[in-house]
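Down below is the structure, laid out as structure tokens.
Residue numbers (this note's numbering): 355 to 544.
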């Protein structure tokens with residue numbers, strides 16, 4: 355399945371080969387975009403519940419509304435999720451990722467550059483890693499303007515995308531297979 359992205363004014367149009375009309379993603383307000391970015395970054399560090407990640411993706415693809423009681427942004431009600439409903443009716447689950455992830459990167463500080471990084475990386479895990487690397491680099495340049503306690507600071511202080519060997523101490527430890535563990539210097543015999 356081929357997906358192409360085009361920016362039309364302030365909107366992102368995701369065109370899926372074989373689907374007649376594009377998926378049109380409108381930009382989130384800046385604070386909502388910041389919230390979904392932080393949610394994704396926390397999730398990439400393993401510090402996020404799946405329902406929170408899903409909420410961030412729903413907001414990215416269909417928009418968000420502000421909850422004055424919590425001060426947080428939340429996904430639109432079900433009946434207003436036009437892209438998400440179309441995705442569920444027209445695409446397989448694996449194809450859905452090809453819309454949800456570009457929509458997410460569109461809402462970050464990267465905008466169309468993040469979408470293009472995801473798509474040029476081949477989509478899926480490889481595309482997400484490429485776009486996440488670009489995002490952490492961009493945030494690294496902006497880090498003095500953000501709180502040092504954010505997930506973006508954790509990512510950029512590491513200088514790269516997270517791996518199982520660079521997880522912060524708050525994430526569960528993952529035992530690496532022997533072929534992935536750092537080599538130890540040979541011990542002298544004797």
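Heads up, the beta-carbon is just placed ideally off N, CA and C, and yes, glycines get one too.
Taking the alpha-carbon of residue 434 as reference, which of 373, 454, 417, 445 has the nearest alpha-carbon?
With distances taken between Cα atoms, residue 434 lies closest to 417.
CB residue 415 to CB residue 457, shorter than 8 Å?
Result yes, Cβ atoms of residue 415 and residue 457 sit closer than 8 Å.
Please name the residue or residues paired with residue 377 in a DSSP beta bridge.
Beta-bridge annotation (DSSP): residue 377 is paired with 368.
Taking the Cβ atom as the reference point for each residue, do residue 368 and residue 453 lie within a distance shorter than 8 Å?
In this structure, residue 453 lies closer than 8 Å to residue 368 by Cβ.
Leaving out five residues on either side along the sequence, give the residues of the same chain with a beta carbon under 7 Å from the beta carbon of residue 462.
Leaving aside the five residues that flank residue 462 on each side, the residues in its chain whose CB is nearer than 7 Å to its CB run, in chain order, 387, 391, 468, 489.
The alpha helix (DSSP H) with residue 449 in it runs from where to where?
DSSP places residue 449 inside the alpha helix (DSSP H), whose first and last residues are 447–461.
Measure the Cβ-Cβ separation of residue 464 and residue 413 and say whether it is below 8 Å.
With respect to the 8 Å criterion, residue 464 and residue 413 are not classified as neighbours on the basis of their beta carbons.
When we look at the beta-carbon of residue 503 and count the other beta-carbons within 10 Å, is it buried (16 or more) or exposed?
The predicted position of residue 503 is uncertain, since its pLDDT is 47 and thus under 50; a value taken from the coordinates is nonetheless stated next. That one is exposed.
So what's residue 358 in DSSP terms, helix, strand or just coil?
Residue 358 falls in the strand class under three-state DSSP.
Given residue 427 as reference, the closest of 385, 443, 484 once Cα atoms are compared:
Nearest C-alpha to residue 427: 385.
Taking residue 379 as the reference, give the member of 466, 355, 442 with the closest Cα.
It is 466 whose Cα lies nearest to the Cα of residue 379.
Considering only residues of the same chain and omitting the five flanking positions on each side of residue 422, which have a CB-CB separation below 8 Å?
Excluding positions up to five away in sequence, the list is empty.
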